[in-house]
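Numbering (the working numbering), first residue to last: 16 to 180.
To start, the structure itself, in structure tokens.
Listed below in structure tokens is the structure:
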């Protein structure tokens with residue numbers, strides 16, 4: 016990352032308001048984002064403000080479950096518009112859509128599945144619905160894992176780039 020988002024934001028705010036007022040405004044935004052950082056959107060914004068991830072990671076994280084839902088719709092289309100599949104198909108579908116996800120992360124997702132055996136029918140559209148007010152446990156886990164994986168990748172890339180100087 017060339018410049019943390021906070022530096023860019025402060026530069027723009029200082030043009031609009033005085034230095035002190037811009038600093039107070041930025042601090043208030045930072046504190047607010049940090050307060051709600053248990054939610055994936057705010058955690059992504061916090062990591063962006065700290066300069067740990069880029070804005071493209073934030074956009075990708077926000078669009079992740081919508082994209083998985085689109086792929087599932089094409090992959091599991093039964094022709095009747097049904098979005099019901101077995102839990103086992105759902106799990107293997109996630110593994111197929113996210114082939115580079117670590118095995119442990121995939122196993123962690125199983126704990127967020129609805130109760131019942133592998134042949135229980137579930138509605139994948141409901142499970143992957145990324146609602147602002149009521150977030151699905153699976154969506155929550157997928158988005159947190161995405162941020163964790165992206166942060167790890169950014170850190171590795173930073174070490175490679177700065178380690179080669």
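Even glycine gets a Cβ: it sits at the ideal position worked out from N, Cα and C.
Being a predicted model, the structure only gives us computed values, none of them experimental.
Bounding residues of the alpha helix (DSSP H) (the contiguous stretch that carries residue i)
{"i": "residue 21", "result": "20-31"}
{"i": "residue 160", "result": "152-178"}
{"i": "residue 73", "result": "70-90"}
{"i": "residue 55", "result": "55-64"}
Under the three-state DSSP convention, the category residue i falls into
{"i": "residue 138", "result": "strand"}
{"i": "residue 99", "result": "strand"}
{"i": "residue 50", "result": "helix"}
{"i": "residue 113", "result": "coil"}
{"i": "residue 131", "result": "coil"}
{"i": "residue 94", "result": "coil"}
C-beta contact flag for residue i and residue j at 8 Å
{"i": "residue 40", "j": "residue 28", "result": "yes"}
{"i": "residue 166", "j": "residue 62", "result": "yes"}
{"i": "residue 162", "j": "residue 25", "result": "no"}
{"i": "residue 143", "j": "residue 101", "result": "no"}
{"i": "residue 133", "j": "residue 103", "result": "yes"}
{"i": "residue 77", "j": "residue 56", "result": "yes"}
{"i": "residue 124", "j": "residue 150", "result": "no"}
{"i": "residue 109", "j": "residue 158", "result": "no"}
{"i": "residue 146", "j": "residue 81", "result": "no"}
Integer-rounded CB distance, given that residue j should sit under 8 Å from residue i
{"i": "residue 19", "j": "residue 65", "result": "7 Å"}
{"i": "residue 127", "j": "residue 156", "result": "5 Å"}
{"i": "residue 112", "j": "residue 83", "result": "6 Å"}
{"i": "residue 138", "j": "residue 99", "result": "5 Å"}
Bridge-paired residues (DSSP) for residue i
{"i": "residue 145", "result": "150"}
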